[in-house]
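Okay, so here's the structure we're looking at.
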């Protein structure tokens, strides 16, 4: 029995924990360990990243005004955008950061090069920060916490040099043991320079003689778009959309974010089930990264695709739906609870009807005042006026008319009392319905009753 009690207690604690409210948007600690002043601000700037992220839009803008865009270069720039973007989403993110699937040596090298073309850091650096983000979401140890504001989570966190001890711990032993990751990390500047700028320029130059267009459009402008598309996963995906599976933290699901991020927009799902190779689980949801992984698996390049059990995913979705429904129910009026109603004997009920002209009727042991409703009765005043002072349980439940759920709901607002020793005329189902208060506890009781039936 002690084991049963222990399991029951654990289940109750788990249930209580799962019902915890969303984290409040509390004031975050200072960004740095010491104040920033006009004399020391330079040491807080991450100069390499700041120069890259601020200079590339200006260079791209210059190219837009000085270099003509050819059709072939446009097609190449868009194509390379998807190649490098998917290098991040399918490679850096889903394969390395979350180990959602495994890839052959060939695929890992291809994604390593493609991801480097996005110039967002090495696989090791990117994945380590992202694991910390998942482990410490919305806290000071989150490298790009949404609680520091949209600008910080999108862009600002890369412009500053935070103390390393302020970033949360993340286990990266597997990344250190990966020879592809280790090699790319060691020579990352060369990877980034070649794949980010030289390679797209050479393709356009040797392909159709457009070196300038290749550099400004397929290289720099494409890079700006890839950067901010990826950054939206850290910013927009924590502000726009629905909390489909959990509302304790900021991640959200939205199709607009999915369009911006090559399918990474169903972020609430992703934070709940990070090792699932999918981000979008419905057929109509946009997730080209998922389909790329599936196609790669058809050719044997990707394997061991991890997918969270549908049963558990459904539990999370239904839990949030129940929570939202419960919140809506709490705003509704279900009349005075039965336990708070006065109790009348049959003689008192008859006396109130005869001597005080009360327009009360009895249904399933509960007294209802229908004086204000008589003219509105869909069946007409005749039926309801002849019911005053009588037990209309049988008539209400099919003897004259089997009333709808809407009628039952309306009755809750007309309650005035309960009849002493009168509840025995009620069935178990009707008793349960008459005590309905919109709570999750009631729903559990109803489910148990239906199970017995």
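Numbering (the working numbering), first residue to last: -6 to 446. Note that beta-carbon positions come from the ideal geometry of N, C-alpha and C, so glycine has one too.
- Task: Please report how far the alpha carbon of residue 371 lies from the alpha carbon of residue 408, in whole angstroms.
- Result: Cα-Cα distance, rounded: 19 angstroms.
- Item | Span of the beta strand (DSSP E), counted from its first residue to its last, around residue 150 | Counting along the chain, residue 150 falls outside any beta strand (DSSP E), and DSSP gives it neither H nor E.
- Message: Between the alpha carbons of residue 104 and residue 287, how many angstroms are there, rounded?
- Response: About 15 angstroms.
- Between the Cα of residue 284 and those of 362, 307, 257, spot the shortest distance and give me the residue it belongs to. Considering only alpha carbons, the answer is 257.
- Item | Member of 85, 317, 110 whose CA lies at the smallest distance from the CA of residue 191 | Selected option, being the one with the closest Cα: 110.
- Query: Since residue 90 contacts residue 124 with CB under 8 angstroms, what's their CB separation in whole angstroms?
  - Reply: Right, their Cβ atoms sit about 6 angstroms apart.
- Where does residue 317 land, buried or exposed, given buried means 16+ other C-beta within 10 angstroms? Residue 317 is exposed by the Cβ-count criterion.
- Task: Tell me, please, which residues DSSP counts as bridged to residue 55.
- Result: In DSSP, residue 55 forms no bridge with anything.
- Shortest alpha-carbon distance to residue 20 belongs to which of 98, 368, 141? Comparing Cα-Cα distances from residue 20 to each of 98, 368, 141, the minimum goes to 141.
- Item | Contacting residues, own chain, Cβ-Cβ under 8 angstroms from residue 194 (five flanking each side not counted) | Excluding sequence positions up to five before and after residue 194, its CB lies within less than 8 angstroms of the CB of 204, 207, 208, 211, 212, all in the same chain and listed in chain order.
- Message: Taking 7 angstroms as the limit between beta carbons, can you name the residues of its chain near residue 297, skipping five residues before and five after?
- Response: Sequence-distant Cβ neighbours of residue 297 in its own chain, meaning closer than 7 angstroms and more than five residues away, are 94, 95.
- Compute the beta-carbon to beta-carbon distance between residue 362 and residue 375, rounded to the nearest angstrom, for a pair I have assumed lies under 8 angstroms. Taking a contact as a CB-CB distance under 8 angstroms, the pair residue 362 and residue 375 does not count as one, their CB atoms being some 19 angstroms apart.
- Going by Cα to Cα distance, which pick from 279, 267, 24 is closest to residue 254? If we check each option's Cα against that of residue 254, 279 comes out closest.
- Query: Just how far apart, CA to CA, sit residue 126 and residue 301?
  - Reply: Near 21 angstroms, if we compare the C-alpha coordinates of residue 301 and residue 126.
- Message: In whole angstroms, give me the CA-to-CA distance for residue 145 and residue 129.
- Response: Rounded to the nearest angstrom, the two C-alpha atoms are 16 angstroms apart.
- Message: Looking at residue 232: is its Cβ nearer than 9 angstroms to the Cβ of residue 246?
- Response: The answer is no: Cβ separation not under 9 angstroms.
- From residue 120 to residue 400, what does the alpha carbon distance come to, in whole angstroms? Distance between the alpha carbons of residue 120 and residue 400 is about 58 angstroms.
- Is it true that the CB of residue 223 sits closer than 9 angstroms to the CB of residue 262? Going by C-beta atoms, residue 262 is not nearer than 9 angstroms to residue 223.
- Query: Can you find a CB in chain D that lies within less than 9 angstroms of the CB of residue 148?
  - Reply: Of the protein chains in the structure, only one exists, and it is not chain D.
- Task: Rounded to whole angstroms, what's the CA-CA distance from residue 325 to residue 334? Just pull it up for me.
- Result: Approximately 19 angstroms, taken between the alpha carbons.
- Query: Are there 16 or more other CB atoms within 10 angstroms of the CB of residue 64, so buried, or fewer, so exposed?
  - Reply: It is exposed - the Cβ of residue 64 has fewer than 16 other Cβ atoms within 10 Å.
- Query: Taking C-beta to C-beta, are residue 69 and residue 161 nearer than 9 angstroms?
  - Reply: No; because the gap between Cβ atoms is not below 9 angstroms, this pair is not in contact.
- Query: residue 295 bridges to which residues according to DSSP?
  - Reply: Residue pairing for residue 295: DSSP places it in a beta bridge opposite 96.
- Task: May I have a chain-ordered list of the alpha helix (DSSP H) segments no shorter than 4 residues that lie completely inside the stretch 310 to 335?
- Result: List check, alpha helix (DSSP H) in window: nothing returned.
- Message: Check whether the stretch 27 to 39 and the stretch 178 to 187 are in contact - that is, three or more C-beta pairs closer than 8 angstroms.
- Response: Contact between the stretch 27 to 39 and the stretch 178 to 187 is absent: fewer than 3 CB-CB pairs across the two stretches fall below 8 angstroms.
- Query: Applying the criterion that 16 or more other CB atoms from any shown protein chain within 10 Å of the CB defines a buried residue, is residue 292 buried or exposed?
  - Reply: Burial call: exposed.
- Kindly indicate which three-state DSSP category residue 167 falls into: helix, strand or coil? In the displayed model, residue 167 falls within a helix according to three-state DSSP.
- Could you tell me the distance, in whole angstroms, from the CA atom of residue 221 to the CA atom of residue 78? Cα-Cα distance, rounded: 11 angstroms.
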